[in-house]
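Visitor: Using full-length UniProt numbering, the first residue of the sequence shown is number 1, and each one after it goes up by one.
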Amino acid sequence: MYKNQLQELAQRSCFNLPSYTCTREGPDHAPRFKACVNFNGEIFESPTYCSTLRQAEHSAAEVALIALSSKGPSKSLTARVLDETGIYKNLLQETAHRAGLDLPVYTSVRSGPGHIPTFSCTVELAGMSFNGESAKTKKQAEKNAAIAAWFSLRQMRSLDSHGEKKGEEKEQETQRSEKKRTKPIKKNNSSEHNNHKRLVL
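Now the structure itself:
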């Protein structure tokens, strides 16, 4: 799936077709493969070893598509083509599958006169709802909802990672403070004076 979409993206962007290189390791009865794909001069590598060459190439293509999609739906020709090919719906479905969640549910509403209908769509995933921009077709409205969900989830993931890092730093600081408070205090006046100076600093 990912290789086909990456190839279609290259063709519609007038780029050279993606080229793959592969490394193999392990014994003949249990080989492992890792792949890299060259897409318009950019190299993308599969994150882990796979049991088959095909899986490794698909994994590398997936990494490429995710990286390209992060540029935003309107910032480049690449992103516009990704939008048109519906890659965001596939990425959203794959994300749900990997997280063990129910597949995304799309709900479309039609409005406007019969000869010029307008469709708006909401996608539900992990108990959250995401609204996409209205469109002239139901299919495009679903794509827009998937785009809104994908980038919202990416932003949440980025904020969560930042928050976890801050939380870890705060926890480490708390642990250091606890150690200072529980440190045995010697009875002599000189030590008490030095401890007081350190706390003030």
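Beta carbons are placed, not taken as given, at the ideal position from N, Cα and C, and that holds for glycine.
(1) For residue 201, does the count of other Cβ atoms within 10 angstroms reach 16, so buried, or fall short, so exposed?
(2) With respect to the beta strand (DSSP E) encompassing residue 43, which residues constitute its N-terminal and C-terminal limits?
(3) If you compare alpha carbons, which of 43, 91, 27, 69 is closest to residue 125?
(4) Quick test of your reading: residue 36 and residue 60, contact by CB under 8 Å. State the CB separation rounded to the nearest angstrom.
(5) If we ignore side chains and look at the alpha-carbon of each, how far apart do residue 121 and residue 128 end up?
(6) In its own chain, which residues sit with a C-beta less than 7 Å from the C-beta of residue 26, not counting the 5 before and 5 after it?
(7) Cutting at 8 Å between CB atoms, please list the residues of its own chain near residue 154, excluding the five before and the five after it.
(8) So the alpha helix (DSSP H) residue 94 belongs to, where does it begin and stop?
(9) Just mark residue 144 as buried or exposed, buried being the case when its beta carbon has 16 or more other beta carbons within 10 Å.
(10) What does the alpha-carbon distance come out to for the pair residue 107 and residue 23?
(11) Compare the Cα-Cα distances from residue 14 to each of 78, 63, 139, 109 and report the closest residue.
(12) Can you find the residues in the same chain that come closer than 6 Å, C-beta to C-beta, to residue 63, ignoring five residues on each side of it along the sequence?
(13) In whole angstroms, what separates the C-alpha of residue 18 from that of residue 50?
(14) By the three-class DSSP mapping on this structure, what secondary structure does residue 51 have?
(15) In terms of residue numbering, what span does the alpha helix (DSSP H) encompassing residue 3 cover?
(16) Please go through the same chain and pick out, in chain order, the residues whose beta-carbon is closer than 6 Å to the beta-carbon of residue 111, but skip the five residues on each side of it.
(17) If I measure Cβ to Cβ from residue 85 and keep anything under 7 Å in the same chain, skipping five residues before and after, which residues do I get?
(18) Quick check on this structure: which residue in 103, 133, 88, 136 has the alpha carbon closest to the alpha carbon of residue 151?
Guide: On the basis of the data shown:
(1) Since pLDDT at residue 201 reaches only 37, below the 50 mark, its modelled position is unreliable, and the value read off the structure follows with that caveat. With fewer than 16 neighbouring CB atoms inside 10 Å of its own CB, residue 201 falls in the exposed class.
(2) 42 to 45
(3) If we check each option's Cα against that of residue 125, 91 comes out closest.
(4) The beta-carbon separation of residue 36 and residue 60, rounded to 6 Å, stays under the 8 Å limit for a contact.
(5) 14 Å
(6) 32
(7) 70
(8) Counting along the chain, residue 94 sits inside the alpha helix (DSSP H) bounded by residues 87 to 98.
(9) buried
(10) 44 Å
(11) Nearest of 78, 63, 139, 109 to residue 14, Cα basis: 78.
(12) 44
(13) 20 Å
(14) coil
(15) 2 to 12
(16) Take residue 111, set aside five residues on each side of it, and the residues of its chain with a beta-carbon closer than 6 Å to its own are 118, in chain order.
(17) 5, 8, 9
(18) 88
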